[in-house]
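Residue numbers (our numbering): 12 to 564.
Note that beta-carbon positions come from the ideal geometry of N, C-alpha and C, so glycine has one too.
What follows is one structure encoded as structure tokens, with my remarks underneath.
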């Protein structure tokens with residue numbers, strides 16, 4: 012009966028979306044960028060609006076689309092010279108017709124830096140050549156794609172990450188060169204069809220983000236891109252987002268026997284992310300995310316594919332295999348899948364101040380939850396934060412303050428192929444688990460100038476060399492925990508991370524975010540019984556695109 016009801020509701024929702032009036036359905040989109048999204052804060056988080064803000068990338072429509080168009084033409088340079096217009100105002104190639112538009116841009120991303128504090132005093136650099144293009148057809152279709160070819164040398168802590176994981180953070184698989192050089196490619200693509208102003212579907216090779224903060228403990232944009240199909244629909248005060256993902260797993264490759272000619276490659280895993288957001292009032296929003304990840308059957312191994320009642324995963328309330336489905340915190344299909352529930356909420360406290368938070372439940376044992384004994388099955392995380400815009404009555408001055416904490420062993424599974432990851436990286440927080448973190452960010456925009464200041468403190472625990480699983484590395488096996496009781500945050504080898512990043516940029520062309528940028532990043536990582544790792548890198552460059560690159564871990 013449950014499956015029948017869910018199927019019926021899905022069919023009715025689809026029919027409703029098709030039959031609704033299609034006027035005012037024009038949309039546009041870009042890959043998610045935290046920095047760029049801040050330019051919409053006074054719309055997204057105003058108590059005068061009731062916009063669903065948690066699911067990203069945002070679809071620019073209505074008032075958001077008007078702001079997007081305005082930002083694309085910020086302080087346009089008045090010139091009849093073709094070269095000047097292309098540098099400062101326009102896409103390299105652009106066509107604007109009544110029923111369709113097209114644009115194409117070359118995206119340079121060149122940076123040069125110097126390590127001032129670290130032991131090796133290396134010169135860092137980035138050499139990227141990229142392209143982006145976009146198409147809109149009428150008020151229903153919008154398409155965006157980008158491609159980047161990259162070579163670079165990064166500071167030591169990013170080098171160490173790449174050496175451990177074989178991927179550039181959030182960017183993809185890396186080829187290793189001489190003298191710290193790394194080589195990788197990065198691409199995105201997104202096609203959106205708007206049934207109406209309230210219903211859209213998107214086919215993409217991109218990332219997704221659920222939350223109102225800088226980090227997300229539910230679903231973040233930290234890992235690499237993955238193929239996904241997304242449906243978004245609004246009915247009354249509710250918004251339903253359904254994401255179905257096809258992901259790679261280079262840590263668990265398909266291995267063919269020697270006597271076969273069938274191709275081997277990265278392992279395959281799938282994800283289902285069902286999010287319901289409820290705007291109770293203009294000020295209060297509450298959302299529930301049900302996440303499910305499972306590995307595809309390896310053609311050369313037996314008994315690894317779970318029995319999946321697919322229709323059940325449209326329903327985030329009655330979610331099979333979730334953390335509350337078994338009082339002992341152990342699911343029937345625990346060795347073949349991962350499931351969790353997440354709560355996301357925000358409240359607009361003042362006109363320009365919003366409080367937000369998240370609670371993520373992986374597994375827990377109800378009888379042990381509040382005993383204070385540190386039971387291993389209590390796998391959960393929490394976030395609390397505040398963000399504001401136009402602070403001190405200064406237009407476009409934004410701030411964010413956020414605290415994140417995740418208990419040991421969260422996101423782990425008995426087999427790493429079924430954990431909460433994509434392309435060898437966490438699907439949630441970059442640190443994985445077994446940490447507490449405090450983040451503060453301030454940014455200011457004036458005309459074509461952008462300024463950003465970020466500070467971060469994190470305390471986290473790692474595994475001893477050749478030692479037991481202490482709960483921070485989500486790729487370790489949950490069947491090999493250190494202790495059933497007395498588990499504490501930052502257990503294992505204790506680390507204290509201090510991170511500061513300051514950047515200033517002048518946007519030459521807002522159409523593709525072409526900008527001169529100068530920045531300084533300082534990082535201290537104090538590890539128990541080891542010398543403190545120190546880094547201070549100053550850099551300058553000509554940059555473009557809207558992609559995120561995270562190095563704050």
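Grouping DSSP H, G and I as helix and E and B as strand, with all else coil, what is residue 170?
Walking along the chain shown from the start, residue 170 turns up at place 159. Three-state DSSP puts residue 170 in a helix.
Name the two residues that bound the continuous alpha helix (DSSP H) containing residue 98.
Position 87 of the chain shown, counting from 1, holds the residue named residue 98. Unbroken alpha helix (DSSP H) run through residue 98: 93-99.
For residue 67, count neighbouring Cβ atoms within 10 angstroms of its own Cβ and tell me buried if that reaches 16, exposed if not.
Here the question's residue 67 lines up with position 56 in the chain shown. Result: buried.
Start and end of the beta strand (DSSP E) containing residue 355?
Counting from 1 along the chain shown, the entry for residue 355 is found at position 344. Run containing residue 355: 349-361, per the beta strand (DSSP E) assignment.
Buried or exposed for residue 164, going by 16 or more other Cβ atoms inside 10 Å?
Against the chain shown, residue 164 aligns to sequence position 153. By the neighbour-count rule (16 or more Cβ atoms within 10 Å), residue 164 is buried.
Should residue 404 be listed as close to the ligand GTP, given that the test is whether its C-beta is under 7 Å from any heavy atom?
Absence of the ligand GTP is noted for the structure shown, with no ligands found whatsoever.
Could you pull the DSSP bridge partners for residue 121 from this structure?
Counted from its first residue, the chain shown places residue 121 at position 110. Beta-bridge pairing links residue 121 to 138 and 553.
Check for me: the beta strand (DSSP E) holding residue 421 runs from which residue to which?
Locating residue 421 in the chain shown gives position 410, where the first residue counts as 1. Run containing residue 421: none; DSSP gives neither H nor E here.
What are the start and end residues of each continuous beta strand (DSSP E) run of 3 or more residues lying completely inside the region 185-272, in chain order?
193-205, 210-217, 237-246 and 249-265
Taking all protein chains shown into account, decide if residue 349 is buried (16 or more other Cβ within 10 angstroms of its Cβ) or exposed.
The count along the chain shown starts at 1 and reaches residue 349 at position 338. The residue is buried, with at least 16 neighbouring Cβ atoms inside 10 Å.
Residue 441: buried (16+ other C-beta within 10 angstroms of its C-beta) or exposed?
For the purposes of this step, residue 441 is taken as residue 430 along the chain shown, with counting starting at 1. Per the 10 Å Cβ criterion, buried.
Can you name the residues that DSSP bridges to residue 67?
Sequence index remark: in the chain shown, residue 67 carries index 56 (1-based). 220.
Going along the chain, which residues of its own chain have a beta-carbon closer than 7 Å to the beta-carbon of residue 61, five neighbours each way excluded?
If you number the chain shown from 1, residue 61 lands on position 50. Cβ neighbours of residue 61 beyond the five flanking positions: 290 and 293.
Roughly how many angstroms separate the alpha carbons of residue 87 and residue 100, rounded to a whole number?
Locating residue 87 in the chain shown gives position 76, where the first residue counts as 1. Locating residue 100 in the chain shown gives position 89, where the first residue counts as 1. Those two C-alpha atoms are separated by around 6 Å.
Quick one: any contact between the region 207-217 and the region 354-364, if contact means 3 or more CB pairs under 8 Å?
no
Is it right to say residue 495 is buried, meaning 16 or more other beta carbons lie within 10 angstroms of its own, or is it exposed?
Position 484 of the chain shown holds residue 495. It counts as exposed.
To the nearest angstrom, report how far apart residue 517 and residue 117 are at their CA atoms.
By 1-based counting over the chain shown, the position of residue 517 is 506. By 1-based counting over the chain shown, the position of residue 117 is 106. Those two C-alpha atoms are separated by around 18 Å.
Is DSSP giving residue 48 helix, strand or coil here?
Residue 48 sits at position 37 when you count from the first residue of the chain shown. Three-state result, residue 48: helix.
Length of the line joining the Cα atoms of residue 127 and residue 563:
Your numbering for residue 127 matches position 116 in the chain shown. Your numbering for residue 563 matches position 552 in the chain shown. Near 18 Å, if we compare the C-alpha coordinates of residue 563 and residue 127.
In whole angstroms, what separates the C-alpha of residue 414 from that of residue 474?
In the chain shown, residue 414 corresponds to position 403, counting from 1. In the chain shown, residue 474 corresponds to position 463, counting from 1. Rounded to the nearest angstrom, the two C-alpha atoms are 23 Å apart.
Between residue 199 and residue 147, is the Cβ-Cβ spacing less than 8 Å?
As a first step, residue 199 must be located in the chain shown, where it is residue number 188. As a first step, residue 147 must be located in the chain shown, where it is residue number 136. No, these two residues do not count as a Cβ contact at 8 Å.
How many angstroms separate the CA atom of residue 501 from the CA atom of residue 417?
Sequence index remark: in the chain shown, residue 501 carries index 490 (1-based). Sequence index remark: in the chain shown, residue 417 carries index 406 (1-based). In a straight line, the C-alpha of residue 501 is about 9 Å away from that of residue 417.
Same chain, Cβ closer than 6 Å to residue 395, neighbours up to 5 away in sequence not counted
Residue numbering aside, residue 395 sits at position 384 when the chain shown is read from its first letter. Result list for residue 395: 368 and 414, in chain order.
Give, in chain order, every unbroken run of the beta strand (DSSP E) that is at least 3 residues long and sits entirely within the region 364-445.
364-374, 390-399 and 408-417
Continuous beta strand (DSSP E) stretch holding residue 295: start and end
As a working note, residue 295 is residue 284 in the chain shown. Counting along the chain, the beta strand (DSSP E) containing residue 295 begins and ends at 295-306.
DSSP three-state label for residue 526, please.
The residue labelled residue 526 in the question sits at position 515 within the chain shown. Of the three classes helix, strand and coil, the one that applies to residue 526 here is strand, per DSSP.
Give every residue of the same chain whose Cβ lies closer than 6 Å to the Cβ of residue 238, excluding the five residues on either side of it in the sequence, and list them in chain order.
Mapped onto the chain shown, residue 238 falls at position 227. Excluding sequence neighbours, residue 238 sits near 216 and 257.
Where the alpha helix (DSSP H) through residue 150 begins and ends
Residue numbering aside, residue 150 sits at position 139 when the chain shown is read from its first letter. Where residue 150 is concerned, there is no enclosing alpha helix (DSSP H), given that its DSSP letter is neither H nor E.
Contact check, residue 160 vs residue 140 under 8 Å by CB: the rounded distance?
Position 149 of the chain shown holds residue 160. Position 129 of the chain shown holds residue 140. Right, the Cβ-Cβ distance comes to about 5 Å (below 8 Å), so this counts as a contact.
Residue 421 and residue 444 look like a contact to me (Cβ under 8 Å); what is the Cβ gap, rounded to whole Å?
Here the question's residue 421 lines up with position 410 in the chain shown. Here the question's residue 444 lines up with position 433 in the chain shown. With a Cβ gap of about 4 Å, residue 421 and residue 444 count as contacting.
Which whole-angstrom value is the C-beta distance of residue 307 and residue 280, which I expect to be below 8 Å?
The residue labelled residue 307 in the question sits at position 296 within the chain shown. The residue labelled residue 280 in the question sits at position 269 within the chain shown. Between residue 280 and residue 307 the Cβ distance is about 6 Å, and since that is below 8 Å, they are a contact.
Tell me whether the beta-carbon of residue 98 lies closer than 8 Å to the beta-carbon of residue 114.
For this step, residue 98 is matched to residue 87 along the chain shown. For this step, residue 114 is matched to residue 103 along the chain shown. No, the Cβ-Cβ distance between residue 98 and residue 114 is not below 8 Å.
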